[in-house]
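S.K.:
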Amino acid sequence: CFALYAATNAVTRAYRPLLERIGLTYPQYLVMLVLWQDGGRAVHEIASRLSLPPHAVSPMLDRLEAAGFLVRNRRSPDRRVVHVALTDAGAALETAASAAQHDVVCRTELDRGALDGLREQLHDLVDRMEDPTRPARPARNRPRHRAAPPPTSAAVPPIVATTTTQGAGT
């Protein structure tokens with residue numbers, strides 16, 4: 041888990057200065073990626089693509105809308121559903137964001153096949169982790185680092201009570 045966490049942080053750090061130049065944070069960039077790839081979408085669909093609850097996406101949409109990159113509207117028949125669409129400025133931002141993505145991909149020094157394989161493995165990992173009906177299976181290969189076994193009663197030092205005989209009333 042640590043390697044995945046560290047890799048995620050490293051990628052985010054690599055994107056940060058590149059995205060700052062075009063006025064985006066990394067989470068905002070992810071929202072924009074969904075819109076560039078899928079076109080206009082309902083808020084709940086964007087949230088689903090990002091594996092986030094809809095209320096977590098709303099503040100990002102607020103800032104992106106204030107920056108002029110997208111607009112939100114309600115369409116009939118269900119006025120509860122909020123749709124998000126790119127503005128011309130938001131669509132134009134895709135070229136600069138694509139250059140940032142290219143820079144980060146180059147920094148990985150992975151070829152296309154390795155990147156595609158890694159992406160597929162990560163998507164599979166997400167699917168496995170988010171499927172509550174899927175039974176856990178033992179790993180096929182031994183892990184690089186094994187967790188320490190739980191302590192046995194013999195390995196646990198006894199708890200020593202520290203009471204004093206001197207106290208109130210003596």
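In this note's numbering, the protein residues as written are 41 to 210. Even glycine gets a Cβ: it sits at the ideal position worked out from N, Cα and C.
For the beta strand (DSSP E) holding residue 114, just list the boundary residues, first then last.
M.R.: Residue 114 -> beta strand (DSSP E) spans 110 to 114.
S.K.: Alpha carbons only, please: which of 66, 131 and 99 is nearest the one belonging to residue 80?
M.R.: Of 66, 131 and 99, the residue nearest in Cα terms is 131.
S.K.: Relative to the ligand HEM, is the shortest distance from any of its heavy atoms to the C-beta of residue 56 smaller than 7 Å?
M.R.: As presented, the structure is devoid of all ligands, the ligand HEM included, so that no description of it is given.
S.K.: Could you give the first and the last residue of the continuous alpha helix (DSSP H) run that contains residue 136?
M.R.: Its alpha helix (DSSP H) spans residues 128 to 148.
S.K.: Checking the sheet assignment: what are the DSSP bridge partners for residue 124?
M.R.: Answer is 81 and 112, bridged to residue 124.
S.K.: In chain order, what residues of the same chain lie with their CB nearer than 7 Å to the CB of residue 182, ignoring the 5 residues before and after it?
M.R.: Summary for residue 182: the model assigns pLDDT 44, below 50, so the residue's position carries little reliability; its value from the coordinates is reported in the next sentence. Counting only Cβ-Cβ distances below 7 Å, and skipping sequence neighbours, we find nothing.
S.K.: Please say whether residue 141 and residue 104 have beta carbons closer to each other than 8 Å?
M.R.: In this structure, residue 141 does not lie closer than 8 Å to residue 104 by Cβ.
S.K.: Under 6 Å Cβ to Cβ from residue 126, same chain only, skipping five residues before and after it: list those, please.
M.R.: Counting only Cβ-Cβ distances below 6 Å, and skipping sequence neighbours, we find 75 and 110.
S.K.: From the DSSP output, in three-state form, read off residue 173 for me.
M.R.: Residue 173: coil per DSSP, three-state reduction.
S.K.: On the CB-based measure, 16 or more other CB atoms within 10 Å of its CB, does residue 97 come out buried or exposed?
M.R.: So residue 97 ends up on the buried side.
S.K.: How many angstroms separate the CA atom of residue 115 from the CA atom of residue 82?
M.R.: For residue 115 and residue 82, the distance between alpha carbons rounds to 10 Å.
S.K.: Helix, strand or coil: how does DSSP classify residue 50 here?
M.R.: If DSSP states are grouped into helix, strand and coil, residue 50 belongs with the helices.
S.K.: Taking the continuous alpha helix (DSSP H) assigned at residue 98, which residues delimit it?
M.R.: First-last of the alpha helix (DSSP H) with residue 98: 94 to 106.
S.K.: One question on the structure: do residue 86 and residue 124 come within less than 8 Å of each other, judged by their Cβ atoms?
M.R.: Yes, they are a contact pair.
S.K.: Taking DSSP as the reference, what is the three-state secondary structure of residue 61?
M.R.: The answer is coil: DSSP assigns residue 61 none of H, G, I, E or B.
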